[in-house]
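What follows is a short report on a single structure.
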Amino acid sequence: MALARLEDYREVIGGPELEELRILAGQARGRRMKHVNSTAVGGGVAEILNRMIPLLGELGIEARWEVIKGGDDFFNVTKLFHNALHGKEETVTPQMYRTFVDYNLANAAQMDFTRDDCVFIHDPQPICLVDERTGNGASWVWRCHIDVSQPAGGVWEFLRPYVEKYDGMVISSPSFSQQVS
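Next up, the structure:
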């Protein structure tokens, strides 16, 4: 598949809007941006990042994409989290929460956030990485692609303290959100 180019979107968004995007991107030109998610292929976030990273580069923004690693035990826990965040009652044990945190810690040990100006963490799987803020002044943003408006059980209560450590949060729709401080 060929890399996405901004010109490919001219007919969709319009010429003036495309030029406005280029002007606005000038404010971020030369900045380093990192995106982190849990899958390189096969998921909606991976499809978005696969197209977005080259487009950001075309705008002069140094964008990188890293994928966390995890075993079946980690991804089974994150599937339960996903279901609970969508309102399904799930049993999540203390050991499952520990597994989730442990994999995040192991991934954090393999990542370097010291050179980034902005870090986007996509969805709950890598959410604990915010604890790796380096004090370099980077902005950390949690990008939530799922509806967390009516979660079941204690998963949201577990995740909320992590969410509150981020500088900002981007949600697909206001109706999908939770109130955070």
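Whatever position you read off the sequence shown (first residue = 1), add 9 for our numbering. C-beta atoms are modelled at their ideal positions from N, C-alpha and C, and glycine is treated no differently. If you're wondering where the values come from, they're calculated on a predicted model, not measured in any experiment.
Residue i, DSSP secondary structure in three states
i, result
"I130", "strand"
"K174", "coil"
"M120", "coil"
"I57", "helix"
"V139", "helix"
"R40", "coil"
"I180", "strand"
"A115", "helix"
"E73", "Sequence inspection shows Arg at residue 73; the Glu mentioned does not correspond to that position. Three-state DSSP puts R73 in a strand."
"R152", "strand"
"V50", "coil"
"V164", "helix"
Top-ranked residue by Cα proximity to residue i, from the options
i, options, result
"R107", "L168, V172, Y175, I180", "L168"
"R124", "R40, G23, D17", "R40"
"G96", "L30, R38, Q159, F90", "Q159"
"K88", "V101, V76, K78", "V101"
"Y112", "G23, S148, N85, L27", "N85"
"G69", "P25, A34, L138, D82", "A34"
"L15", "D81, P133, G162, R60", "R60"
"A161", "G23, P170, H91, V110", "H91"
"V110", "A55, P133, C127", "P133"
Nonlocal neighbours in the same chain, by C-beta distance under 6 Å from residue i, ignoring five residues either side
i, result
"H44", "L58, W74, F129"
"G79", "Y112"
"E141", "A117, F122"
"M105", "V86"
"A115", "none"
Chain-order list of residues whose beta-carbon lies under 7 Å from that of residue i (same chain, five-residue window excluded)
i, result
"W151", "I130, I136, V172, Y175, M178"
"P63", "L12, A13"
"V76", "N46, S47, T48, A49"
"T143", "F122, T123"
"P25", "none"
"L164", "Per the sequence shown, the amino acid found at residue 164 is Val instead of Leu. Once the five neighbours on either side are set aside, the close Cβ partners of V164 are F90, A93, L94, V101."
"G66", "A72"
"V139", "I130, W149, Y171, K174, Y175"
"N145", "T123"
Cβ-Cβ separation, residue j to residue i (assumed contact under 8 Å), whole Å
i, j, result
"L94", "V21", "So it is not a contact: roughly 31 Å between Cβ atoms."
"L27", "R19", "5 Å"
Do the stretch 152-163 and the stretch 110-119 meet, that is, are 3 or more Cβ pairs less than 8 Å apart?
-> With a cut-off of 8 Å, the stretch 110-119 and the stretch 152-163 do not count as touching, because too few Cβ pairs lie within range.
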